[in-house]
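Residue numbers (the working numbering): 0 to 238.
What follows is the structure in structure tokens.
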């Protein structure tokens, strides 16, 4: 299988980085191919705008989804968006490796969602959730938190981790058709010792190898072909 790890942490000595490094080594040792989108090292710009495109659908009024649709049809996304889309397109398993900041993903990863998972590439009208363009592919969260498991319990201060991650799981990945596997969470990463961290790394390797044990079904048509088949979206207003 081919795996894309989207890694969002600015510090190479972080525990999130250690989990990313274990991802690469474990998968390679098991005979899989791995690519890493290191968003900070590669200087990924999380801010969406007209700079995302070399084409212009409407010079008078900027409507992001209309510009995305044109770029998807004409191949006129900015180079860094094209690069990331090709990485996503090639992946059987998408791994999102990030620390939980303010109850969600870091801003650089949210910007990656906004810019890379574009209309015409990641979704089109009539192809969402069970009919999504990436149906058959898998996705897996690898998350580090500062909070303890008790804080993320049903009666804890933050609520259950599944509820915290639900917007990204449901409204991003499942929306695209991905099968989202149960998240791996390294709780209280800054508060634990080396023994506990080593145990987390081993548990993560086991979870990751389980995710790639069976092949995926990539029989869905390419999004470029589907976009032509369903026709142009009639976007009338901006959201």
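A virtual CB, placed ideally from N, CA and C, is assigned to each residue, including glycine.
Since this is a predicted model, take the numbers as computed values, not measurements.
Review point. Thinking just about the alpha-carbon of each residue, which of 218, 198, 214 is nearest to the one in residue 21?
Key: 198
Review point. With 16 other CB atoms within 10 Å as the buried threshold, where does residue 144 fall?
Key: buried
Check your understanding: Run through DSSP, which three-state label would residue 180 get?
Key -> coil
Practice item. Kindly confirm or deny that the stretch 84-104 and the stretch 51-60 touch, where touching means at least three C-beta pairs closer than 8 Å. Key: no
Point to revise | residue 138, enclosing beta strand (DSSP E) - first and last residue | key: 137-143
Review point. Do you know how far the Cα of residue 29 is from the Cα of residue 15?
Key: 21 Å
Review point. For residue 3, does the three-state DSSP call read helix, strand or coil?
Key: strand
Point to revise | Whole-angstrom distance between residue 202 and residue 73, CA atom to CA atom | key: 44 Å
Point to revise | Cβ shell of residue 27 (< 8 Å), same chain only, five flanking positions each side left out | key: 33
Review point. Does DSSP put residue 13 in a helix, a strand or coil?
Key: In the structure shown, residue 13 sits in coil (DSSP, three-state: anything other than H, G, I, E or B).
**Study point:** Pair within 9 Å by beta-carbon distance, residue 131 and residue 175
**Key:** yes
Review point. What is the rounded straight-line gap between the Cα of residue 117 and the Cα of residue 207?
Key: 27 Å
Review point. Do the CB positions of residue 25 and residue 97 come within less than 9 Å of each other?
Key: no
Review point. What is the C-beta distance between residue 35 and residue 23, in whole angstroms, given that I count them as a contact (C-beta under 8 Å)?
Key: 7 Å
Review point. Beta carbon of residue 18, beta carbon of residue 200: below 9 Å?
Key: yes
Check your understanding: When the distance is taken between beta carbons, is residue 146 closer than 9 Å to residue 186?
Key -> Between residue 186 and residue 146, the gap from beta carbon to beta carbon is short of 9 Å.
Exercise for review: Report the residue ranges of all alpha helix (DSSP H) runs contained in full by the stretch 58-141; include only those spanning at least 4 residues, in chain order.
Suggested key: 63-73, 78-89, 106-115
Review point. Grouping DSSP H, G and I as helix and E and B as strand, with all else coil, what is residue 185?
Key: strand
Check your understanding: Which residue comes first and which comes last in the beta strand (DSSP E) that contains residue 34?
Key -> Here the beta strand (DSSP E) through residue 34 covers 32-37.
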